[in-house]
Amino acid sequence: MTRGARGIHKYMQINTATFKILTISVALLLTAFVLSLVVCIVTHTSPQSLLASIASEEIRFAIKLSLATSAVSTVMCIAVSIPAAYALARYDFPGKALVNTIVDLPLALPPVVAGVGLLILFGTTSFGEWLSGLGLVFVLTPFGIVIAQFAVNFSFMLLIMRSTFRGISPRYEYVAQTLGCNPIQAFLQTTLPMSKNGLIAGGIITWSKGIGEFGAALMLAGATRMKTETLPISLYLNMSCNDLELAIAAATILIVISIASLYTFERYVRSTHIY
Amino acid sequence: MIRIENVSKDLGEFKLNDATLQIDEGEYFIILGPTGAGKTILIETIAGIYRPDHGKIFLNGADITDTLPKNRQISMVYQDYMLFPHLTVAGNIGFGLRQKKIAKSEITVKTDEIAELLGVSHLLSRYPGTLSGGEKQRIAIARAVVTEPKVLLLDEPLSALDSRTTERLQEELARIHEITGTTTIHVTHSFGEAFALGDRIAVMCGGRIIQVGTPDDVFRRPNSEFIADFVGVENLFRGKSVVHDDIALVRADGISMVSSSLKSGDVSISIRPEDILVSKKETETSARNSFYGEITEVKNMGTIVRVVVDVGVPFVVALTKQSYEDMELLCGVHVWIVFKASAVHLF
Chain G
0 MTRGARGIHK YMQINTATFK ILTISVALLL TAFVLSLVVC IVTHTSPQSL
50 LASIASEEIR FAIKLSLATS AVSTVMCIAV SIPAAYALAR YDFPGKALVN
100 TIVDLPLALP PVVAGVGLLI LFGTTSFGEW LSGLGLVFVL TPFGIVIAQF
150 AVNFSFMLLI MRSTFRGISP RYEYVAQTLG CNPIQAFLQT TLPMSKNGLI
200 AGGIITWSKG IGEFGAALML AGATRMKTET LPISLYLNMS CNDLELAIAA
250 ATILIVISIA SLYTFERYVR STHIY
Chain S
0 MIRIENVSKD LGEFKLNDAT LQIDEGEYFI ILGPTGAGKT ILIETIAGIY
50 RPDHGKIFLN GADITDTLPK NRQISMVYQD YMLFPHLTVA GNIGFGLRQK
100 KIAKSEITVK TDEIAELLGV SHLLSRYPGT LSGGEKQRIA IARAVVTEPK
150 VLLLDEPLSA LDSRTTERLQ EELARIHEIT GTTTIHVTHS FGEAFALGDR
200 IAVMCGGRII QVGTPDDVFR RPNSEFIADF VGVENLFRGK SVVHDDIALV
250 RADGISMVSS SLKSGDVSIS IRPEDILVSK KETETSARNS FYGEITEVKN
300 MGTIVRVVVD VGVPFVVALT KQSYEDMELL CGVHVWIVFK ASAVHLF
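Right, here's the structure in full:
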């Protein structure tokens with residue numbers, strides 16, 4: 000028997016129970032790793048100073064700005080994704096494959112790159128100047144945060160709504176049309192309510208991604224204390240100037256939001272029916 | 000009355016090719032054909048889901064080719080029900096009435112009435128997800144009929160159901176048609192359904208309408224081998240026919256028979272199993288075709304027994320169970336089969 004064959008023989012001796020223990024150990028190690036990150040953050044300061052930091056004016060500003068910008072950008076993502084996803088799910092048109100690929104691109108694109116693109120688009124082109132003329136200034140303003148969140152996150156919403164609409168037969172709308180609906184009424188009364196779970200799941204993931212958006216917002220809106228300071232920006236600013244307590248407060252709030260939205264997302268995704 | 004003139008529609012996968020059809024007021028009209036024949040496109044085009052590439056559609060004389068589906072007063076029922084899962088049964092049935100802004104109290108009255116008619120009153124507060132196929136289809140029919148449409152379109156309404164439910168719903172459809180008198184277009188691939196329900200049948204294949212007639216017409220005088228094959232005419236042969244003295248002499252697979260269909264040259268030949276008689280002795284009858292052969296197969300189909308007699312070519316003969324038993328027809332027994340010249344259909 001050669002050495003190699005003996006090696007294979009030994010390897011074959013690993014039984015099912017051993018294999019099970021090995022794979023479960025890896026899963027447990029990963030869990031421990033993630034938990035240790037979270038625990039390290041929330042136990043870094045005392046609960047009292049954590050609460051005091053959360054109550055500070057700066058963190059309260061960051062919470063409000065984060066909630067407001069992410070709410071607006073999520074609404075924008077939903078408003079744009081519903082018609083676009085519907086078109087991509089239901090209709091054929093020239094260039095559809097290319098459109099599908101391009102609207103998915105923000106999923107893969109690093110947010111900082113999207114941010115640079117936004118900065119150039121709104122800061123240097125005549126389109127950007129025209130918008131500024133209308134009072135819509137995106138560079139270094141809270142509007143910029145909204146647009147940055149929108150640019151990076153609409154693809155998640157679009158992706159979820161596209162597959163939700165694809166899973167619903169167009170015949171529901173056909174029946175509704177024969178029963179007296181125009182195409183928009185038919186959509187609003189059948190496909191849209193039937194997409195409820197997709198909308199909720201997509202909305203939550205878009206919103207929680209919006210809350211955490213950093214790279215693109217930093218590029219376009221900058222990091223100005225008490226002006227464009229969202230929670231992740233606050234974390235970054237306070238880490239840079241070594242104000243650890245405020246940074247930890249911002250991080251803790253982001254953790255709570257992540258866990259809550261993940262829980263809700265899982266709940267709705269699991270209960271999503273495809274009709 | 001609905002009239003379809005030279006309607007074509009190309010959806011890539013499915014096609015409708017130059018369809019012309021007239022369906023009379025109050026008629027129960029069947030569109031029969033195999034899967035992919037273009038039946039569903041045809042009725043979806045009638046409903047206004049698709050705009051035809053060519054051709055026109057008229058409803059009671061008015062051109063409705065460009066009318067929105069919502070303004071056509073044509074209702075539709077699909078094979079897979081398409082009940083709105085987020086609405087209760089009552090919500091589903093009342094859907095069309097709500098679009099018409101009818102008063103709530105009237106909607107309730109009409110919903111109750113139609114639910115009563117279809118025997119689904121006890122389900123009104125349930126959601127569709129929990130119902131059986133038969134119940135769902137009754138509700139889909141109720142939803143379509145309650146708006147009192149001018150035309151009711153049924154797309155394979157019985158195909159997803161088990162055979163007992165199919166039978167019961169088939170009777171139900173006939174009853175509803177009798178009560179409402181609504182012009183009905185029913186798409187199916189089942190000749191049995193077509194035969195049982197249809198005043199007239201249009202047979203479709205490959206996006207074309209290839210024959211229109213009464214069920215009897217289509218069954219006894221199929222105008223193509225495809226239809227004969229499709230409607231299940233069993234004694235189907237090919238041969239050569241020569242017409243002489245108002246009678247056709249047909250040779251097929253080594254046997255000769257006479258036919259009163261006057262068609263010459265290469266022909267397809269069909270003889271319905273019900274039109275053939277069996278006797279144990281050679282008897283003198285007025286029937287012009289008589290062959291001697293051996294029984295090679297017996298298929299017991301309940302009340303009807305199908306016996307295959309090999310007379311050089313196999314003939315399928317249909318007998319009642321009673322006469323089959325009385326005559327003691329078993330495999331290997333030699334018999335005469337007899338049929339009239341008028342039973343030999345050439346096409």
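So the sequence lines, in the order shown, correspond to chains G and S.
Counting from 0, one number per residue, gives the positions in the first sequence under numbering that gives the first Met the number 0.
Counting from 0, one number per residue, gives the positions in the second sequence under numbering that gives the first Met the number 0.
Idealized CB from N, CA, C, for every residue including glycine.
Do you know offhand how far residue i's Cα is from residue j's?
{"i": "T123 of chain G", "j": "V151 of chain G", "result": "20 Å"}
{"i": "N59 of chain S", "j": "G128 of chain S", "result": "38 Å"}
{"i": "I58 of chain G", "j": "E244 of chain G", "result": "11 Å"}
{"i": "I254 of chain G", "j": "V37 of chain G", "result": "8 Å"}
{"i": "I268 of chain S", "j": "F346 of chain S", "result": "7 Å"}
{"i": "H272 of chain G", "j": "G95 of chain S", "result": "Reliability of the predicted coordinates at H272 of chain G is poor, the pLDDT of 46 falling under 50, and no value is obtained from them."}
{"i": "T100 of chain G", "j": "Y85 of chain G", "result": "16 Å"}
{"i": "I183 of chain G", "j": "Q47 of chain G", "result": "54 Å"}
{"i": "L122 of chain S", "j": "L172 of chain S", "result": "19 Å"}
{"i": "S289 of chain S", "j": "I22 of chain S", "result": "42 Å"}
{"i": "I208 of chain S", "j": "L104 of chain G", "result": "48 Å"}
{"i": "D265 of chain S", "j": "S240 of chain S", "result": "6 Å"}
{"i": "L117 of chain G", "j": "G11 of chain S", "result": "41 Å"}
{"i": "Y77 of chain S", "j": "T87 of chain S", "result": "18 Å"}
{"i": "I73 of chain S", "j": "I92 of chain S", "result": "15 Å"}
{"i": "K98 of chain S", "j": "G179 of chain G", "result": "The amino acid at residue 98 of chain S is misidentified as Lys; the sequence shows Gln. Whole-angstrom Cα-Cα distance: 6 Å."}
{"i": "V136 of chain G", "j": "E128 of chain G", "result": "9 Å"}
{"i": "W206 of chain G", "j": "L49 of chain G", "result": "25 Å"}
{"i": "M0 of chain G", "j": "V25 of chain G", "result": "In this prediction, M0 of chain G scores a pLDDT of 44, lower than 50, which makes its location untrustworthy; no coordinate-derived value is stated."}
Mind pulling the chain S residues with CB within less than 7 Å of residue i?
{"i": "N196 of chain G", "result": "Within chain S, no residue comes near N196 of chain G; the closest Cβ sits about 11 Å away, beyond 7 Å."}
{"i": "M193 of chain G", "result": "P84, H85"}
Among all the DSSP beta bridges, which residues are the ones paired with residue i?
{"i": "V202 of chain S", "result": "S:L31, S:Q210"}
{"i": "N234 of chain S", "result": "S:I270"}
{"i": "Y23 of chain S", "result": "The amino acid at residue 23 of chain S is misidentified as Tyr; the sequence shows Asp. Partner(s): none; D23 of chain S has no beta bridge."}
{"i": "G214 of chain G", "result": "G214 of chain G is not bridged to any residue."}
{"i": "N299 of chain S", "result": "S:V304"}
{"i": "S255 of chain S", "result": "S:R250"}
Comparing C-alpha positions only, which one of the options sits nearest to residue i?
{"i": "Q169 of chain S", "options": "S:K135, S:R2, S:A195, S:I22", "result": "S:A195"}
{"i": "T319 of chain S", "options": "S:D309, S:H333, S:V304", "result": "S:V304"}
{"i": "T181 of chain S", "options": "S:A143, S:P313, S:Q210, S:F57", "result": "S:A143"}
{"i": "T284 of chain S", "options": "S:K109, S:Q72, S:N222, S:A340", "result": "S:A340"}
{"i": "G211 of chain G", "options": "G:F142, G:M193, G:Y235", "result": "G:Y235"}
{"i": "V268 of chain G", "options": "G:N241, G:G202, G:S48, G:G221", "result": "G:G202"}
{"i": "G238 of chain S", "options": "S:D216, S:T282, S:V312", "result": "S:V312"}
{"i": "E192 of chain S", "options": "S:G93, S:I209, S:S162", "result": "S:S162"}
{"i": "G206 of chain S", "options": "S:S322, S:R2, S:I42", "result": "S:I42"}
{"i": "F57 of chain S", "options": "S:T34, S:E171, S:R71", "result": "S:R71"}
{"i": "V74 of chain G", "options": "G:R266, G:N196, G:D242, G:V145", "result": "G:V145"}
{"i": "P141 of chain G", "options": "G:T42, G:F213, G:S52, G:I119", "result": "G:F213"}
{"i": "H176 of chain S", "options": "S:H188, S:I200, S:P148, S:A201", "result": "S:P148"}
{"i": "T187 of chain S", "options": "S:V202, S:L235, S:A46", "result": "S:V202"}
{"i": "P214 of chain S", "options": "S:I336, S:C204, S:G93, S:V230", "result": "S:V230"}
{"i": "A18 of chain S", "options": "S:Q210, S:L130, S:K100", "result": "S:Q210"}
{"i": "T163 of chain G", "options": "G:S72, G:A70, G:E172, G:L198", "result": "G:L198"}
{"i": "R167 of chain S", "options": "S:L15, S:E134, S:D252", "result": "S:E134"}
{"i": "V332 of chain S", "options": "S:T282, S:S278, S:M75, S:N234", "result": "S:S278"}
Hey, residue i and residue j are a contact pair by Cβ (cut 8 Å); roughly how many whole angstroms apart?
{"i": "R250 of chain S", "j": "H344 of chain S", "result": "At roughly 16 Å, the Cβ-Cβ gap does not stay under 8 Å, so R250 of chain S and H344 of chain S are not in contact."}
{"i": "K55 of chain S", "j": "E4 of chain S", "result": "5 Å"}
{"i": "V347 of chain S", "j": "R287 of chain S", "result": "The requested residue 347 of chain S does not occur in the structure, where chain S is confined to residues 0 to 346."}
{"i": "D216 of chain S", "j": "E26 of chain S", "result": "At roughly 15 Å, the Cβ-Cβ gap does not stay under 8 Å, so D216 of chain S and E26 of chain S are not in contact."}
{"i": "V306 of chain S", "j": "V297 of chain S", "result": "5 Å"}
{"i": "R170 of chain G", "j": "M81 of chain S", "result": "5 Å"}
{"i": "I113 of chain S", "j": "A89 of chain S", "result": "11 Å between Cβ atoms; not a contact."}
{"i": "S65 of chain G", "j": "M160 of chain G", "result": "Not really, about 24 Å apart at Cβ, beyond 8 Å."}
{"i": "Q145 of chain S", "j": "K100 of chain S", "result": "One point to set straight first is that residue 145 of chain S is Val, not Gln, in the sequence displayed. Not a contact, Cβ separation roughly 15 Å."}
{"i": "A216 of chain G", "j": "I204 of chain G", "result": "Rounded, the Cβ-Cβ distance is 18 Å, inconsistent with contact."}
Who are the neighbours of residue i on chain G, taking C-beta pairs under 8 Å?
{"i": "E43 of chain S", "result": "Y173"}
{"i": "T146 of chain S", "result": "L178, G179"}
Could you work out which residues of chain G lie near residue i, taking near to mean beta carbons separated by less than 7 Å?
{"i": "P68 of chain S", "result": "Q176, T177"}
{"i": "G95 of chain S", "result": "L178, G179"}
So residue i contacts chain S; which residues on that side make the cut at Cβ distance below 9 Å?
{"i": "N99 of chain G", "result": "Here the premise fails: no neighbours, minimum Cβ distance about 19 Å."}
Going along chain S, which residues have a C-beta under 8 Å from residue i?
{"i": "S313 of chain G", "result": "Because chain G in this structure spans residues 0 to 274, residue 313 of chain G falls outside the shown range and cannot be described."}
{"i": "N14 of chain G", "result": "Those do not exist, as N14 of chain G stays about 45 Å from chain S at its closest Cβ, beyond 8 Å."}
For residue i, is the beta carbon positioned less than 7 Å from some heavy atom of the ligand FAD?
{"i": "S168 of chain G", "result": "Although the ligand FAD was asked about, the structure shown includes no ligands whatsoever."}
Since residue i meets chain G, which of its residues come closer than 9 Å, beta carbon to beta carbon?
{"i": "Q98 of chain S", "result": "A175, L178, G179, C180, Q184, Q188"}
{"i": "S74 of chain S", "result": "V174, T177, L178"}
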